[in-house]
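I have placed the structure first, in the form of structure tokens, so that the comments after it can refer back to it.
Right under this line is the structure:
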């Protein structure tokens, strides 16, 4: 269990670390910290703000919207066709584990959250 202060600290650190990840200027230590902070946030939110389980498509769609990104942005980042991303978002197919990991990194989503869909 984490406190609200720990949760808010983790959110602050994530906000500072994500731009480094997006610009690919993140060190391995910072990447590890980002992973840990993501786990803190996920754990706190799961305990304090339980949600109905989302499908993978809903999760991707929500994350894209929250970050002001499009399916086309995700397709470009992954090097795949927009129709494949659309299939993921519409729950018509699932990405491979490798692609799922890349989606997580691009959208700043914890892998545990994606694997739980």
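In this note's numbering, the protein residues as written are 15 to 131.
We put the beta carbon where it would ideally sit given N, CA and C, even for glycine.
Limits of the unbroken alpha helix (DSSP H) element including residue i
{"i": "residue 51", "result": "42-62"}
{"i": "residue 37", "result": "Run containing residue 37: none; DSSP gives neither H nor E here."}
{"i": "residue 126", "result": "125-129"}
{"i": "residue 122", "result": "No alpha helix (DSSP H) contains residue 122, which DSSP labels as neither H nor E."}
Counted within 10 angstroms of its Cβ, other Cβ atoms place residue i as buried (16 or more) or exposed
{"i": "residue 51", "result": "buried"}
{"i": "residue 33", "result": "exposed"}
{"i": "residue 58", "result": "buried"}
{"i": "residue 114", "result": "buried"}
Three-state secondary structure (DSSP) of residue i
{"i": "residue 94", "result": "coil"}
{"i": "residue 28", "result": "helix"}
{"i": "residue 74", "result": "helix"}
{"i": "residue 66", "result": "coil"}
{"i": "residue 17", "result": "coil"}
{"i": "residue 100", "result": "helix"}
{"i": "residue 85", "result": "helix"}
{"i": "residue 109", "result": "coil"}
Best match in the options for proximity to residue i [C-alpha to C-alpha]
{"i": "residue 27", "options": "107, 88, 122 and 105", "result": "122"}
{"i": "residue 77", "options": "110, 118 and 41", "result": "118"}
{"i": "residue 94", "options": "29, 109, 24 and 81", "result": "109"}
{"i": "residue 127", "options": "38, 81, 54 and 43", "result": "54"}
{"i": "residue 129", "options": "61, 87, 74 and 46", "result": "74"}
{"i": "residue 71", "options": "64, 48 and 104", "result": "104"}
beta-carbon residue i near the ligand NAD non-hydrogen atom, thresh 7 Å
{"i": "residue 84", "result": "Summarising the ligand content, the structure contains no ligands, and the ligand NAD is consequently not present."}
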